[in-house]
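Notes follow once the structure below has been shown.
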Amino acid sequence: MSKRDESSGGEQLTSDVGQRVVWNKATGAFELQSRVPHHQAPLFIPRRYTKEPAPVHQQPVRFDASLPSNVLDDLDLGDMQHAKWSLEQFRATRIQVYDQILAAASRLILLLRFVAKWRTALAVCKEHLMANQAGDAKMHLVCQEFLELAQAFKLLGEIADAREALGQCISLIRQLLLDDRDRFLKDAKREFLACIHFQEVFAGCEMLLRRQKTPPSILAHLQRQIDWLAGQAPFSVKIWTIKTNLHLKANQFPTVVSNLSLSPLTATDEFFTMAYTHALEMVGAYTQSLDAAQVFLASEHCSQSRDVSATETKLRAHAKRLESILERKRQAEQLEREGKYRDAEKCYEECLELVGHHSNNRFTAELLYRRANLVVMDMAPSMDRLIAAIQDLTLSRQLWPANQLLTLCLETAQLHLETKKLRCRMRKENEEVDVSVTHFRKRFY
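Next up, the structure:
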């Protein structure tokens, strides 16, 4: 059963299952909380490219299919239809399975299968109890199950299914005239209104995101709205799709990489893979971007697909371009080690042409620095090459301020340029003196 708890800021409905629904008066919506906080964890956990592994107590709990044996199959509710299971036994097993799924690494896929079985179970249970005219105590549990099923659908962003579950709960409460029907009706209606508010906010965000040009103030407002939606539905693929689109539109590429680094959809979904590889390229992680594209192209999703989609074609072109860039860079480094500086400089130029001018990141800064450094190391560089090298080093310092050697190289290039200018001026002055002397000799001798 459940009980009221008004010790905190808003009204709360605490149940025995280890979770509670908290009504936030400020936002006007429910917030689902749990004594086991796994279901509050986001769908995407940024931890792939950290230098050190996360502590053991912070690592995600792996789903153990042996506890109980094939845990999802334990919710095969054909037995309940034949009265082999009681409602209490089903509820206890369902709570155990739900907690394990929310703690699992692959909780998104498991949760989708789980709520489908959960909904079927409640339909069978409701028909069975209605036929046997069960008492109010069992009907309380059924209503509570419908409420918690609606909350599970909301976590997935399936608001239409959540509203359907709440509608069945309200219909059952009104039909049976339970003792505490007012409390159940109040909770169900409040959750129903929260679902409507969620749908309105989601529709508004989609409309704003479809604009070609969005002012920064609108983008900031949109960011807050989408963050609220992601907090309400942390496992919703739709929410994370528009959230990723917003970050890409605002050129927040490190945020995209952080969000998608451990996403279960990155290697299986075309949109998230394309967004992830593009964001990795824009932050300068060309090797990781190529790896992510190759993993998706080698996955079962591409091998089983008969038709080649436009996104898959773009990914193949993207992977081919990255391979060319990295191969050119390796060739340039090899030529530089062999002392063939002019050939290495040409390879760096070709690599920069493949990268393009839109990629302002550390990878581009490294290419600019290496090319300019080869010019500085040349025994007799021309003045035009020195000026171009100084421009490259200046841009590279803006993109890569942590490179201490870059400052030394820039000062050396500037010194070479000043020396060149001084020699040119002295040569010009000497030529003028020679002309004057020649003219003087012709005139007086």
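Take 607 as the starting number for the sequence shown in the working numbering and just add one per residue.
Note that the Cβ used here is the ideal one computed from N, Cα and C, for glycine as well.
Exposed unless 16 or more other CB atoms sit within 10 angstroms - verdict on Glu933: If you draw a 10 Å sphere on the C-beta of Glu933, you find fewer than 16 other C-beta atoms in it, and that means exposed.
Mark Ser1055 as exposed unless 16 or more other C-beta atoms lie within 10 angstroms of its C-beta, in which case mark it buried. There is no way to answer for residue 1055, as the model of the chain reaches only from 607 to 1051.
Work out the CA separation of His924 and Thr893 for me, nearest whole Å. 12 Å
Proximal residues to Glu1035 (C-beta, below 7 Å), its chain only, five neighbours per side dropped: none
Smallest Cα separation from Gln774: which of Asp897, Lys792, Val807 and Lys732? Lys732
If you pair each beta-carbon of the stretch 952-962 with each one of the stretch 914-923, do three or more pairs fall below 8 Å? no
When you compare the CB positions of Leu728 and Ala766, do they come within less than 9 Å of one another, or not? no
Tell me the DSSP secondary structure of Val843 in three-state form. Val843 falls in the helix class under three-state DSSP.
Determine the burial state of Leu1028: buried for a count of at least 16 other Cβ atoms within 10 Å of its Cβ, exposed for fewer. By the 16-neighbour rule on beta-carbons within 10 angstroms, Leu1028 is exposed.
Under a three-way DSSP split, which group does Ser777 fall into? helix
Span of the alpha helix (DSSP H) holding Lys946? No alpha helix (DSSP H) contains Lys946, which DSSP labels as neither H nor E.
Is Thr1013 buried or exposed, if buried means 16 or more other CB atoms sit within 10 Å of its CB? It counts as exposed.
Extent of the continuous alpha helix (DSSP H) run through Gly837: Its alpha helix (DSSP H) spans residues Pro822 to Gln838.
Touch check for the stretch 818-825 and the stretch 789-808: three-plus C-beta pairs under 8 Å? The stretch 818-825 is not in contact with the stretch 789-808.
Along the chain, where does the alpha helix (DSSP H) that runs through Gln818 open and close? No alpha helix (DSSP H) contains Gln818, which DSSP labels as neither H nor E.
Please determine, among Met745, Phe752 and Arg927, the residue with the shortest C-alpha to C-alpha distance to Arg700. Nearest of Met745, Phe752 and Arg927 to Arg700, Cα basis: Phe752.
Label Gly604 either buried or exposed according to how many other C-beta atoms from any shown protein chain fall within 10 Å of its C-beta, with 16 as the threshold for buried. The structure shown does not extend to residue 604, since the chain is modelled only from 607 to 1051, so the question has no answer here.
Select from Arg817, Arg713, Gly810 and Leu992 the residue whose C-alpha is nearest the C-alpha of Ile845. Gly810
Output the distance between the C-alpha atoms of Asp897 and Glu694, rounded to the nearest integer angstrom. Near 49 Å, if we compare the C-alpha coordinates of Glu694 and Asp897.
On the criterion of 16 or more Cβ atoms from any shown chain inside 10 Å, does Ser930 qualify as buried, or is it exposed? It is exposed - the Cβ of Ser930 has fewer than 16 other Cβ atoms within 10 Å.
Three-state secondary structure assigned by DSSP to Glu764: Reduced to three states, the DSSP call for Glu764 is coil.
If I follow the unbroken alpha helix (DSSP H) through Gln858, where does it start and stop? Neither: Gln858 is in no alpha helix (DSSP H) and is coded neither H nor E.
Work out the CA separation of Gly763 and Gln1010 for me, nearest whole Å. 49 Å
Endpoints, alpha helix (DSSP H) assigned at Trp724: Arg713 to Ala737
Which residue marks the beginning of the alpha helix (DSSP H) containing Leu1000, and which one marks its end? Rather than Leu, the amino acid found at residue 1000 in this sequence is Thr. That run of the alpha helix (DSSP H) goes Met989 to Leu1005.
Straight-line Cα distance separating Lys855 from Leu649: Confidence in Leu649 is poor, its pLDDT being 45 and thus under 50, which makes the residue's placement unreliable; the coordinate value appears in the next sentence. C-alpha separation (whole angstroms): 21 Å.
Cα-Cα separation between Phe804 and Thr850, rounded to whole angstroms: 19 Å
With a threshold of 16 other CB atoms inside 10 Å of the CB of Asn979, please say whether the residue is buried or exposed. buried
Excluding five sequence neighbours on each side, which residues of the same chain lie with their C-beta closer than 7 Å to the C-beta of Asp984? Tyr947
Give the single residue among Ala986, Leu735, Gln940 and Cys801 whose Cα lies nearest to the Cα of Phe759. Cys801
In this structure, does DSSP put Asn967 in helix, strand or coil? coil
Ala950 beta carbon less than 9 Å from that of Trp1006: no
Spatial neighbours of Leu717 in its chain, beta-carbon cut-off 8 Å, leaving aside the 5 residues before and after: Ile707, Leu708, Ala758, Leu761, Leu762 and Phe841
Exposure of Cys1030, with buried meaning 16 or more beta-carbon neighbours within 10 Å: exposed
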